[in-house]
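For the sequence shown, full-length UniProt numbering assigns the number 1 to the initial residue and increments by one for each residue that follows.
Written out below as structure tokens is the structure these notes cover.
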Amino acid sequence: MTMRQDYPAVQTLLQQPSLDTDLKNIAEKILRQERITPAEGLTLFEKGDVGFLGALANHVRERMHGDKTYFNRNFHIEPTNVCVFTCHFCSYSRLYKNREEGWELSIDQMLDIVKSYDGQPVTEVHIVGGVHPKMQLDFFVELIQKIKAHRPDLHIKGFTAVELDYMFRKAKVSVDEGMRILNEAGLQSMPGGGAEIFHPDVRAKICHDKVDADGWLAIHRAAHNRGMVTNATMLYGHIETYEHRIDHMERLRQLQDETHGFNTFIPLKFRNKGNDMSDIPESSIVEDLKLYAVARLYLDNFPHIKAYWPMLGRNTAQLTLSFGVNDLDGTIDDTTKIYSMAGAEEQNPSMNTAQLAHLIKQAGRRPVERDTVYNEIKDYTDVVFSDEELLVTK
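Put into structure tokens, the structure is as follows:
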């Protein structure tokens, strides 16, 4: 494993006479691989500059993963953007009464999307969308079963805790029973969406009518208890404070201590186009990088920190690789609209394997293709790509 060894860089920082005593003490704890407290996490946000946080986070990232940066070959299916909920930050969904403005895919249409990848080396289908009142548990059980029957090797990652909470309540089944039904049908893992910000004061203002923090955590706990891995997210850069961010990450850290079922933490940047919070300015790149760094330092029991490149844009995603991030998600293949509709940097989010590996190499890292659960498939460090392979086609 290649190691750039940022330990000397961190030691140089610690020797600066101007360094705040609190920051020095926190850094020394991190170097000793000791857990930092919520108060210390807050101090990192409030006092740490981007260079200090980046050096510390990069040290932890390289201690855990060296220069490896993971990606996978995946595509998304978004069954619908019709939704019963009214999240104020959302630019994607349409209420059921306005469903003619959105889309509703049938099972056959979604199977056709899967079939369009026949013969291609994708390893994962990611299924997530709005909460449609008529797309219920039985509908998605049938979809999962048909995908598995057609392509048994394809890993099915699907449904946010918000979607599942609604499905289970409509079907009148418990969380544990609902997870059993979907898991036995072929659902293998869950994305982390719907977490937003856990704190009730923020949740009441931005997404008051959907599952609360305890409900979200309970669904992920149930998945973990079945041996399924899941991801976790946090929507940041809107009305939340640093305290709210730490509260959010602390709840995730506690559940991870209990279950060890989370693969990845994915900070999601609030984008302000076309939603009810368009008056709120978006966070700066400096604030983005600080958030990624603090997440890597605080979530000491999370194996991976992911930057979702379609949301951040390619250049900023490259920068995050020096701020604790060791995963850039996947090739996507222009199969998601959730962030493009909110004004994300990538309006047509698609990169082929060569382009994504090249992006990682440009940042001085080793591109490693993985499957959903981080089994390594291929190291692309020494692969030479042709100009044709690197040509942007979308």
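Just so you know, even glycine gets a beta-carbon here, dropped at the ideal spot from N, CA and C.
Extract the residue ranges of the beta strand (DSSP E) inside the segment 122-196, only unbroken runs of 3 or more that lie entirely within it. For the beta strand (DSSP E) assignment, the uninterrupted runs of no fewer than 3 residues enclosed by the segment 122-196 are, from N- to C-terminal side, 124-127 and 155-158.
I think R73 touches P152, with their Cβ atoms under 8 Å apart; what is that distance to the nearest whole Å? Their Cβ separation, rounded to whole angstroms, is 17 Å, which puts R73 and P152 out of contact at 8 Å.
Starting from the Cα of H208, find the closest Cα among R221, H220, R180 and G194 and give me that residue. Checking every option, the nearest Cα to that of H208 belongs to G194.
Between the segment 273-286 and the segment 294-309, can you find at least three pairs of beta-carbon atoms closer than 8 Å? Under the 8 Å Cβ criterion, the segment 294-309 does not count as touching the segment 273-286, having fewer than three qualifying pairs.
Can you tell me whether DSSP reads V383 as helix, strand or coil? In the displayed model, V383 falls within coil according to three-state DSSP, outside both helix and strand.
Buried versus exposed call for I156 [16 or more other C-beta atoms within 10 Å across all chains shown]: Residue burial is scored here from C-beta neighbours: I156 has at least 16 other C-beta atoms within 10 angstroms and is therefore classed as buried.
Report back the beta-carbon spacing between G54 and L289 to the nearest angstrom; my notes put them in contact at under 8 Å. Right, their Cβ atoms sit about 7 Å apart.
Consult DSSP for Y308 and reduce its assignment to one of helix, strand or coil. The answer is coil: DSSP assigns Y308 none of H, G, I, E or B.
From G330 to I30, what does the alpha carbon distance come to, in whole angstroms? In this structure, the alpha-carbon of G330 lies about 30 Å from that of I30.
With three or more beta-carbon pairs closer than 8 Å as the criterion, would you say the segment 238-251 touches the segment 175-191? Cβ pair count under 8 Å is below three, so no.
For D176 and N225, I'd like the C-alpha separation in whole angstroms. Straight-line Cα distance between these residues: approximately 9 Å.
Classify M351 as helix, strand or coil using the three-state DSSP reduction. Note: M351 maps to coil in three-state DSSP.
Beta carbon of R314 nearer than 9 Å to that of T69: When the beta-carbon positions are compared, R314 and T69 stay at least 9 Å from each other.
Do you know whose CA, among Q188, D201 and W103, lies nearest Q145's CA? Relative to Q145, the option among Q188, D201 and W103 whose CA is nearest is Q188.
Which whole-angstrom value describes the C-beta separation of I219 and L164, a residue pair presumed to lie in contact below a C-beta threshold of 8 Å? Sure, about 5 Å apart at Cβ, within 8 Å.
Skipping 5 residues on each side, what residues in its chain have a beta carbon closer than 6 Å to that of E40? Contacts found: I26.
Would T233 and A223 qualify as a contact pair, given that the criterion is a beta-carbon distance under 9 Å? Between T233 and A223, the C-beta gap is not smaller than 9 Å, which leaves the two residues out of contact.
On the DSSP bridge assignment, give the partners of R370 in chain order. Bridge partners of R370: E376.
Which residue comes first and which comes last in the beta strand (DSSP E) that contains M64? Run containing M64: none in the beta strand (DSSP E); it sits in the alpha helix (DSSP H), V50 to H65.
To the nearest angstrom, how far is the alpha carbon of N81 from that of D279? Their Cα atoms are separated by approximately 23 Å.
Looking at the structure shown, is T230 part of a helix, part of a strand, or coil, going by DSSP? T230 falls in the strand class under three-state DSSP.
Starting from the C-beta of R180, find all residues in its chain whose C-beta is less than 8 Å away, skip the five residues before and the five after it, and write them out in chain order. R226.
Quick check: the Cα distance between G324 and Q33, rounded to an integer number of angstroms? Cα-Cα distance, rounded: 15 Å.
Can you tell which of E389, F262 and D112 has the C-alpha that lies nearest to the C-alpha of P303? Selection E389, F262 and D112 evaluated against P303 yields F262 as nearest (Cα-Cα).
Which of the three DSSP states, helix, strand or coil, is assigned to F45? DSSP places F45 in the helix class (H, G or I) of the three-state scheme.
Could you compute how far the alpha carbon of E104 sits from the alpha carbon of Q136? Answer to the nearest angstrom: the Cα atoms are 13 Å apart.
What are the boundary residues of the beta strand (DSSP E) that includes K29? Careful: K29 lies outside any beta strand (DSSP E), inside the alpha helix (DSSP H) at T21 to L31.
Separation of A204 from E345, as counted between CA atoms: Since pLDDT at E345 reaches only 49, below the 50 mark, its modelled position is unreliable, and no value is offered.
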